């Protein structure tokens, strides 16, 4: 959806929406502390969180489910922010980290590192993930700068890049069969299984810093929406700021993928839902998209553990199912606009 088509909503709609999403997120995170192979009573969870006497399950609550919930919120918010930035920069409603190949580039780089440099500490995996995402993003961005390319053509370029890298991922998995490939297979589905404080600590500083930078750039993106001449007249350095925003978007998605795998369509759905909730001004739309992405990911992870324990359905599978339906609806809606 181009900036010209995005609705603007006056009044308190934006702050109220942010407040509601901000209240819903900790509720879902708290609910996630109960879901899993071992059901827990509310007294047990509260005692573990507060360190009170009585029945407790400190390892399950504090070492497994709590960091997992925090990581789901952080990764979901990062992917949503990335998708919102990419859609704004490419002026393409169908753009997202997954569709333009960034997620696939990060996944390919992480698998290459995991299989062929197994001694690399997990805390350093965000580095090859960012490089892989940058490689894919740079290729698509280069195509976007070649004249007045049609958004649908650009989407096809992104899909081609993503499919090529996905083929590389499949080739790596085929070439590295055995017990050591089971964990990457689970990770590729967008699962937070086995994630803990170490994983959270390895990505939190980068994601939080880039998220803050993206929110700072929100006002500049609104100025760019006025058009190149008017934006330049207001002191906007369009080329530099667009490059910085793109780098933030690519690294946000790539680093998130490095720890939670490929969460399908979070980066596509969240910006569109946020736009329909609060309008298209990036100053309010970006934080709304981030909160909605966090809510969506935490909710999918919690639901995946609660449907049929001890079986665990990956959050990526559930978000992909929702995203597929949303993607079809979005295509139909955009066709009617043309």
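In our numbering, the protein residues as written are 35 to 372. Quick reminder that beta carbons are idealized off the backbone N, C-alpha and C, glycines included. Keep in mind the model is a prediction, meaning the values are calculated, not measured.
In this structure residue 63 is not in contact with residue 307, their Cβ atoms being roughly 19 angstroms apart against a cut-off of 8 angstroms. Nearest to residue 245 by alpha-carbon distance, out of 221, 206 and 287, is 287. Taking one beta carbon from each stretch, the region 100-119 and the region 294-308 have 3 or more pairs nearer than 8 angstroms; the two touch. The region 100-109 and the region 220-232 touch, with three or more beta-carbon pairs separated by less than 8 angstroms. Rounded to the nearest whole angstrom, the C-alpha separation of residue 120 and residue 280 is 7 angstroms. In the three-state reduction of the DSSP assignment, residue 115 falls in the helix class, which pools H, G and I.
Between the C-alpha atoms of residue 163 and residue 367 there is a straight-line separation of about 34 angstroms. Remark: C-beta atoms of residue 295 and residue 47 do not approach each other more closely than 9 angstroms. Straight through space, the alpha carbons of residue 118 and residue 145 are spaced by roughly 27 angstroms.
DSSP places residue 126 in no alpha helix (DSSP H); its state is neither H nor E. Contact annotation: residue 317 and residue 252 have beta-carbon atoms nearer than 9 angstroms.
Counting only the Cα atoms, residue 130 lies some 7 angstroms from residue 299. Cβ-Cβ separation between residue 339 and residue 65: approximately 10 angstroms, too far for a contact (criterion under 8 angstroms). DSSP, read as helix, strand or coil, puts residue 327 in helix.
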